[in-house]
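**Q**
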Amino acid sequence: MEYVLTAKNLSKDYKGFRALDNLSLHVPKGAVYGLVGKNGAGKTTLIRILCALQEPSAGEYTIFGVDSGDRGILQARGRMGAVVEAPAVYQELTAEENLRIQYKVLGRRDLEGISGLLELVGLENTGRKKVKNFSLGMRQRLGIAVALAGEPELLILDEPVNGLDPQGIIEMRRLLQKLNREKGVTILISSHILDELSKLATHYGFIDKGRMVEEMEAADMGEELEKHYMKLMGGDWDE
């Protein structure tokens, strides 16, 4: 099996606290990988390390087969996009203006793709409306559009449905399904909301107290999925 993202024995220590504890991870190409765990389990810490926003205390990871310590990791990371914690967008600008800035940051001179990107995320009719006047769901979708500006093959999303209303959750789900099925984008999505992940994920990783306690394919889970989730959220996963 071809993996676009792996981690081996990743640890992250703070003063008196271990956020990640020898965690390993395997994200297959073309998957929607659901990283499941309750708040504080280490999901965001893992994502921040994978996105080079933090350094691990120990362990290693690979992106498209390139080891995190190799010179080529910057080029490999250029093939991924991410939205970590909150979308990094300019509140006083429009959706189109935000994308124009991101295109310039990436060195892209072909601005023709911006209209298609706005249409893809359902923001084509926002016109001169400033981001500060967007709904939370609209801001989340704009954040994904910014992450997609570099045409990534891997998209990493940290709790993208947090705070969304039911309609916003449905719109987010449809967008991610379209990216995966029609564009072939591999997606790593962290969440503590099992019901929504179960409509998207092809693979799962269950994380608890900074440890990866189990990885499984959705096709192999069946009725065990909810049992795994309840054990995880109840804090009584078998040691």
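In the numbering used here, the protein residues as written are 7 to 245. Even for Gly, the Cβ is constructed at its ideal location relative to N, Cα and C.
Spell out a yes or no on whether the region 196-204 and the region 44-54 are touching, meaning 3 or more CB-CB pairs, one atom from each, closer than 8 Å.
**A** Flag = yes, the region 196-204 and the region 44-54 touch.
**Q** How would you call P62, buried or exposed, if buried means at least 16 neighbouring beta carbons within 10 angstroms?
**A** Locating residue 62 in the sequence shown gives position 56, counting from the first residue. Burial call: buried.
**Q** Less than 8 Å between the beta carbons of V10 and K35, yes or no?
**A** Looking up residue 10 in the sequence shown gives position 4. Looking up residue 35 in the sequence shown gives position 29. In contact: V10 and K35 (Cβ atoms closer than 8 Å).
**Q** Hey, V127 and Y96 are a contact pair by Cβ (cut 8 Å); roughly how many whole angstroms apart?
**A** Within the sequence shown, residue 127 is the residue found at index 121, counting from 1. Within the sequence shown, residue 96 is the residue found at index 90, counting from 1. No, V127 and Y96 are not in contact; Cβ-Cβ is about 16 Å, not under 8 Å.
**Q** Suppose only complete runs of 4+ residues qualify. What are the alpha helix (DSSP H) ranges in the region 66-143, listed by chain order?
**A** As far as the region 66-143 is concerned, its whole alpha helix (DSSP H) runs of at least 4 residues are 79-83, 101-111, 119-126.
**Q** Quick one: what's got a C-beta closer than 6 Å to N186's C-beta in the same chain, skipping five residues either side?
**A** As a first step, residue 186 is located in the sequence shown; it is residue number 180 there, counting from the start. Closer than 6 Å at Cβ, skipping near neighbours: V38, I193.
**Q** Name the two residues that bound the continuous alpha helix (DSSP H) containing L56.
**A** Locating residue 56 in the sequence shown gives position 50, where the first residue counts as 1. Run containing L56: 49-56, per the alpha helix (DSSP H) assignment.
**Q** So M178 is in the beta strand (DSSP E); what residue range does that whole segment cover?
**A** Looking up residue 178 in the sequence shown gives position 172. First-last for M178: 172-189, but that is the alpha helix (DSSP H), not the beta strand (DSSP E).
**Q** Buried or exposed: where does Y20 fall if 16 or more other Cβ atoms within 10 Å of its Cβ makes it buried?
**A** On the sequence shown, position 14 is the one that residue 20 refers to. The residue is exposed, with fewer than 16 neighbouring Cβ atoms inside 10 Å.
**Q** Take E223 as the anchor and find which of E102, R24, G40, S30 has the nearest alpha-carbon.
**A** Residue 223 sits at position 217 when you count from the first residue of the sequence shown. If we check each option's Cα against that of E223, G40 comes out closest.
**Q** Around the C-beta of V111, are 16 or more other C-beta atoms found within 10 angstroms, so that it is buried, or is it exposed?
**A** In the sequence shown, the residue the question calls residue 111 occupies position 105. V111 comes out exposed.
**Q** In angstroms with no decimal places, state the Cα-to-Cα distance between A88 and S17.
**A** As a first step, residue 88 is located in the sequence shown; it is residue number 82 there, counting from the start. As a first step, residue 17 is located in the sequence shown; it is residue number 11 there, counting from the start. Cα to Cα, the separation comes out at about 21 Å.
**Q** Report the partner residues of K18 according to the DSSP bridge assignment.
**A** To locate residue 18, count along the sequence shown from 1; it is residue 12. Its beta-bridge partners are L26.
**Q** Taking the alpha-carbon of G149 as reference, which of G133, E102, L206, I176 has the nearest alpha-carbon?
**A** Translated into positions along the sequence shown, residue 149 becomes position 143. Out of G133, E102, L206, I176, E102 has the C-alpha closest to the C-alpha of G149.
**Q** Which partner residues of P62 appear in the DSSP bridge assignment?
**A** Translated into the one-based positions of the sequence shown, residue 62 becomes position 56. Bridge partners of P62: none, in fact.
**Q** So V72 and A64 are supposed to be a Cβ contact under 8 Å. How far apart are they, rounded?
**A** Working through the sequence shown from its first residue, we reach residue 72 at position 66. Working through the sequence shown from its first residue, we reach residue 64 at position 58. Contact doesn't hold; Cβ gap of about 19 Å is too wide.
**Q** Under a Cβ-count criterion, where at least 16 other Cβ atoms within 10 Å of its own Cβ denotes burial, should M86 be classed as buried or exposed?
**A** Within the sequence shown, residue 86 is the residue found at index 80, counting from 1. So M86 counts as buried.
**Q** Mapping the DSSP letters down to three states, classify A13 as helix, strand or coil.
**A** On the sequence shown, position 7 is the one that residue 13 refers to. Of the three classes helix, strand and coil, the one that applies to A13 here is strand, per DSSP.
**Q** Along the chain, where does the beta strand (DSSP E) that runs through E220 open and close?
**A** Taking the sequence shown and counting its residues from 1, the one referred to as residue 220 is at position 214. That run of the beta strand (DSSP E) goes 217-223.
**Q** Could you check where the alpha helix (DSSP H) with L200 kicks off and where it finishes?
**A** For this step, residue 200 is matched to residue 194 along the sequence shown. Taken as a continuous stretch (DSSP letters only), the alpha helix (DSSP H) holding L200 covers 200-203.
**Q** Measure from the alpha carbon of F23 to the alpha carbon of each residue in G46, P166, D164, then state which is nearest.
**A** Locating residue 23 in the sequence shown gives position 17, where the first residue counts as 1. Nearest option by C-alpha distance: G46.
**Q** Should A155 be labelled buried (16 or more other beta-carbon atoms within 10 Å of its own) or exposed?
**A** By one-based count along the sequence shown, residue 155 stands at place 149. Answer is buried; the Cβ neighbour count reaches 16.
**Q** Is the separation between the beta-carbon of D164 and that of E221 shorter than 8 Å?
**A** Position 158 of the sequence shown holds residue 164. Position 215 of the sequence shown holds residue 221. Not a contact, by the Cβ cut-off of 8 Å.
**Q** Taking R217 as the reference, which of E188, E8, V42 has the closest Cα?
**A** Position 211 of the sequence shown, counted from the start, is the residue given in the question as residue 217. Ranking the options by Cα distance to R217, first place goes to V42.
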